[in-house]
Amino acid sequence: MKTRIPYILLVIFIIFVIAGVSLGEITKVLETAVNLCLGCIGIG
Amino acid sequence: MWRRVSQAVSAAVINSHWPSLFARTIYGGKLKGFCVPGLNCYSCPLALFACPVGSIQYILAHIRPSIEAGKYYLGFYVIGTLGIVGSAVGRMACGWICPFGALQDVLYKIPTRKIEIPRAFNYFKYAVLLVMVVILPAMVLDEFGYGEVWFCKYLCPAGTLEAGIPLTVLNSSLRSQVGIQFWLKASILLVFLGLMIPVRRPFCRTTCPLGAIYSLFNRVSILRLSVSSECIKCDRCYKVCPMSIKVYENPNSRDCIRCLDCVKVCPVNAVSYEIAGRRLGSSEPF
Numbered sequence: 001m002k003t004r005i006p007y008i009l010l011v012i013f014i015i016f017v018i019a020g021v022s023l024g025e026i027t028k029v030l031e032t033a034v035n036l037c038l039g040c041i042g043i044g
Numbered sequence: 045m046w047r048r049v050s051q052a053v054s055a056a057v058i059n060s061h062w063p064s065l066f067a068r069t070i071y072g073g074k075l076k077g078f079c080v081p082g083l084n085c086y087s088c089p090l091a092l093f094a095c096p097v098g099s100i101q102y103i104l105a106h107i108r109p110s111i112e113a114g115k116y117y118l119g120f121y122v123i124g125t126l127g128i129v130g131s132a133v134g135r136m137a138c139g140w141i142c143p144f145g146a147l148q149d150v151l152y153k154i155p156t157r158k159i160e161i162p163r164a165f166n167y168f169k170y171a172v173l174l175v176m177v178v179i180l181p182a183m184v185l186d187e188f189g190y191g192e193v194w195f196c197k198y199l200c201p202a203g204t205l206e207a208g209i210p211l212t213v214l215n216s217s218l219r220s221q222v223g224i225q226f227w228l229k230a231s232i233l234l235v236f237l238g239l240m241i242p243v244r245r246p247f248c249r250t251t252c253p254l255g256a257i258y259s260l261f262n263r264v265s266i267l268r269l270s271v272s273s274e275c276i277k278c279d280r281c282y283k284v285c286p287m288s289i290k291v292y293e294n295p296n297s298r299d300c301i302r303c304l305d306c307v308k309v310c311p312v313n314a315v316s317y318e319i320a321g322r323r324l325g326s327s328e329p330f
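For the protein sequence lines, the chains are A and B, in the order given.
If you're matching positions, the first sequence starts at 1 in the numbering used here and goes up one per residue.
If you're matching positions, the second sequence starts at 45 in the numbering used here and goes up one per residue.
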């Protein structure tokens, strides 16, 4: 059973990624990352 | 040696958008929709990809307005990406890919008196993850329901080094807005840079929220370390370990970044790596 745990987790997280992609979260990440983060720079 | 090559190639690939440097801004292409497995600020002028810690904070900070608008952005994509990496190799990305981790390895090579920090400090990164990355961005909201990226804004020294300093040097309009928050973050960066010379990976050990996430997978990941009964407890593994772990006491410690230096230096080949429970060897695999 112990050797199966990482594979079970892997499948769960692949489902997470598929769910995230289908909900449009890549666009949300893209929207975040292409805009200058003033907080990251320390002036926002 | 291969780890150094991997760190150098990763840093160069992750930060390879040179045209942005000359345009004095940041890259705005579609690759920014993908998260890198290491801590690398997406506001670095050279950055090609998104930072997972920044992305998850941003999603949590915008969660209420998103749901009100009928968009269920709950962070599945970012959490899933980190979970896939963690389930496969645990904290290995910290040791082989993360540019900020590589910087700490380089600075520790400066010859000076080395010191150890108390092990209890290693737990601070879980508080940073919980409070600054999850709770504050999701719970402290303005009148419109938006939160802030607390870790990026008030703590992250990688953001100051990779984005804050280059952009304020390159861009005069940003430079004119520099205030107390910038100097606070610059001071935090300076403290960490100073600590990186006598202390092994101080940021990874005590503060990094990404390392905190990956660390939860170390005991259950596909790639794991094991120590056989041939171990003579000579402490050579401890002396080379960038995270100050006595590998024979806890081969899959939450702090292990899977650099595999311990596998390489063990004089009796007692430390080995295993994949899915199968011992594959006691020499460096790559």
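Ideal Cβ placement from N, Cα and C applies to all residues, glycine included.
message: On the DSSP letters alone, give me the boundaries of the alpha helix (DSSP H) that Ser231 of chain B sits inside.
response: The residue given as residue 231 of chain B occupies position 187 in the second sequence. Under the DSSP assignment, Ser231 of chain B falls in the alpha helix (DSSP H) whose first and last residues are 224-240.
message: Let me check understanding here. Comparing Cα to Cα, which of A:Glu31, A:Thr32, A:Leu36, A:Gly20 lies closest to Arg68 of chain B?
response: For the purposes of this step, residue 68 of chain B is taken as residue 24 along the second sequence, with counting starting at 1. The option with the nearest alpha carbon to Arg68 of chain B is A:Leu36.
query: Using a Cβ-Cβ distance under 8 Å, would Ser316 of chain B count as near chain A?
result: Indexing the second sequence from 1 puts residue 316 of chain B at position 272. Closer than 8 Å: no.
- prompt: What are the residues that DSSP puts in a beta bridge with Ala91 of chain B?
  reply: As a first step, residue 91 of chain B must be located in the second sequence, where it is residue number 47. According to DSSP, Ala91 of chain B bridges with B:Asn59.
message: Spatial neighbours of Tyr102 of chain B within its chain, please: C-beta separation below 7 Å, excluding the five flanking residues on both sides.
response: Within the second sequence, the letter at position 58 stands for residue 102 of chain B. Taking C-beta separations shorter than 7 Å and ignoring five residues to either side along the sequence, the partners of Tyr102 of chain B in its chain run Val193, following chain order.
field: beta strand (DSSP E) runs contained entirely in the stretch 67-134 of chain B, provided each spans 3 or more residues
entry: none
field: Reference Cys248 of chain B; option with closest CA among B:His61, B:Cys79, B:Gln148, B:Arg47
entry: In the second sequence, counting from the first residue as 1, residue 248 of chain B sits at position 204. Cα-wise, what sits closest to Cys248 of chain B is B:Gln148.
query: Mind checking Ile154 of chain B: buried by the 16 CB within 10 Å criterion, or exposed?
result: Position 110 of the second sequence holds residue 154 of chain B. Counting Cβ neighbours within 10 Å, Ile154 of chain B comes out exposed, since fewer than 16 surround it.
query: Val264 of chain B by DSSP, collapsed to three states: which one?
result: The sequence position of residue 264 of chain B within the second sequence is 220, counting from 1. Three-state DSSP puts Val264 of chain B in coil, outside helix and strand.
Candidates B:Ile111, B:Pro201, B:Tyr292: closest to Ala182 of chain B by CA position: Here residue 182 of chain B corresponds to residue number 138 of the second sequence, with the count starting at 1. When only C-alpha atoms are compared, the closest one is B:Ile111.
- request: Quick one: using the 10 Å Cβ neighbour count with 16 as the cut-off for buried, is Glu293 of chain B buried or exposed?
  value: Position 249 of the second sequence, counting from 1, holds the residue named residue 293 of chain B. When all chains shown are included, Glu293 of chain B counts as exposed.
query: Can a CB atom of chain A be found closer than 8 Å to the CB of Ser231 of chain B?
result: Translated into positions along the second sequence, residue 231 of chain B becomes position 187. No, its Cβ sits nowhere closer than 8 Å to a Cβ of chain A.
field: Buried/exposed call for Glu187 of chain B, threshold 16 Cβ in 10 Å
entry: In the second sequence, counting from the first residue as 1, residue 187 of chain B sits at position 143. So Glu187 of chain B counts as exposed.
query: Should the stretch 115-124 of chain B be called in touch with the stretch 46-60 of chain B, which here means at least 3 C-beta pairs below 8 Å?
result: no
message: Suppose you measure from the CA of Phe66 of chain B to the CA of Val29 of chain A; what does that come to, to the nearest Å?
response: Position 22 of the second sequence, counted from the first residue, corresponds to residue 66 of chain B. Position 29 of the first sequence, counted from the first residue, corresponds to residue 29 of chain A. Computed Cα separation, rounded: 25 Å.
- request: State the DSSP-derived secondary structure class of Asp149 of chain B, mapped to helix, strand or coil.
  value: Residue mapping note: residue 149 of chain B aligns to position 105 of the second sequence, counting from 1. Residue state, collapsed to three classes: helix.
query: Going by C-alpha distance, which of B:Gly139, B:Cys95, B:Leu92, B:Val133 is nearest Pro286 of chain B?
result: Within the second sequence, numbered from 1, the residue matching residue 286 of chain B stands at position 242. Cα-wise, what sits closest to Pro286 of chain B is B:Gly139.
message: Run through chain A and tell me which residues come within less than 9 Å of Cys79 of chain B, C-beta to C-beta.
response: To locate residue 79 of chain B, count along the second sequence from 1; it is residue 35. By Cβ distance, chain A contributes Val29, Ala33.
message: For the stretch 168-187 of chain B, list every residue whose C-beta sits within 9 Å of some C-beta in chain A, in sequence order.
response: Result list empty, no residue passes.
- prompt: At a Cβ cut of 7 Å, what residues of the stretch 246-270 of chain B count as close to chain A, listed as they run along the chain?
  reply: Val264, Ser265, Ile266
- prompt: Whose C-alpha, out of B:Ser64, B:Gly145, B:Ile276, is nearest the C-alpha of Arg48 of chain B?
  reply: Indexing the second sequence from 1 puts residue 48 of chain B at position 4. Closest option to Arg48 of chain B, Cα to Cα, is B:Gly145.
task: To the nearest angstrom, report how far apart Ala314 of chain B and Ile289 of chain B are at their CA atoms.
output: On the second sequence, position 270 is the one that residue 314 of chain B refers to. On the second sequence, position 245 is the one that residue 289 of chain B refers to. Straight-line measurement puts the Cα of Ile289 of chain B at about 16 Å from the Cα of Ala314 of chain B.
task: Go ahead and pull the three-state DSSP assignment for Phe188 of chain B.
output: By one-based count along the second sequence, residue 188 of chain B stands at place 144. Coil, per DSSP.
- prompt: Along chain A, in chain order, which residues have C-beta atoms closer than 9 Å to that of Ser297 of chain B?
  reply: For this step, residue 297 of chain B is matched to residue 253 along the second sequence. Within chain A, no residue comes near Ser297 of chain B; the closest Cβ sits about 17 Å away, beyond 9 Å.
message: Tell me which residue opens and which closes the alpha helix (DSSP H) that Tyr258 of chain B is part of.
response: Counted from its first residue, the second sequence places residue 258 of chain B at position 214. Element bounds for Tyr258 of chain B: 253-259.
- prompt: alpha helix (DSSP H) containing Glu25 of chain A: first to last residue?
  reply: Stepping through the first sequence from its first residue, residue 25 of chain A is reached at position 25. Counting along the chain, the alpha helix (DSSP H) containing Glu25 of chain A begins and ends at 25-34.
field: Cβ shell of Ser99 of chain B (< 7 Å), same chain only, five flanking positions each side left out
entry: As a position in the second sequence, residue 99 of chain B is number 55, starting the count at 1. Closer than 7 Å at Cβ, skipping near neighbours: Cys79, Val122.
- prompt: Candidates B:Cys300, B:Cys278, B:Trp62, B:Leu233: which alpha carbon is nearest Ala256 of chain B's?
  reply: Residue mapping note: residue 256 of chain B aligns to position 212 of the second sequence, counting from 1. Nearest option by C-alpha distance: B:Cys300.
- prompt: Three-state secondary structure (DSSP) at Met45 of chain B?
  reply: Sequence index remark: in the second sequence, residue 45 of chain B carries index 1 (1-based). Correct three-state label for Met45 of chain B: coil.
query: If you drop the 5 nearest sequence neighbours on each side, which residues of the same chain put their C-beta closer than 7 Å to that of Leu205 of chain B?
result: Position 161 of the second sequence, counting from 1, holds the residue named residue 205 of chain B. Around Leu205 of chain B: Leu233.
- prompt: So, are the CB atoms of Leu269 of chain B and Pro295 of chain B less than 8 Å apart?
  reply: As a working note, residue 269 of chain B is residue 225 in the second sequence. As a working note, residue 295 of chain B is residue 251 in the second sequence. Yes, Cβ-Cβ distance for Leu269 of chain B and Pro295 of chain B is below 8 Å.
query: Of the choices B:Leu199, B:Val235, B:Pro246, B:Val284, whose alpha-carbon is the least far from that of Cys306 of chain B?
result: If you number the second sequence from 1, residue 306 of chain B lands on position 262. Residue B:Val284 is the option with its Cα nearest to Cys306 of chain B.
message: With a threshold of 6 Å on Cβ separation, who are the neighbours of Gly44 of chain A within its own chain once the five nearest residues in sequence on each side are excluded?
response: Within the first sequence, residue 44 of chain A is the residue found at index 44, counting from 1. Cβ neighbours of Gly44 of chain A beyond the five flanking positions: Leu38.
message: Quick check on the DSSP output: the alpha helix (DSSP H) that includes Leu38 of chain A runs from which residue to which?
response: Position 38 of the first sequence, counted from the first residue, corresponds to residue 38 of chain A. Residues 38-41.
field: Euclidean distance between Cα positions of Ile141 of chain B and Ile276 of chain B
entry: Here residue 141 of chain B corresponds to residue number 97 of the second sequence, with the count starting at 1. Here residue 276 of chain B corresponds to residue number 232 of the second sequence, with the count starting at 1. Roughly 31 Å between the two C-alpha positions.
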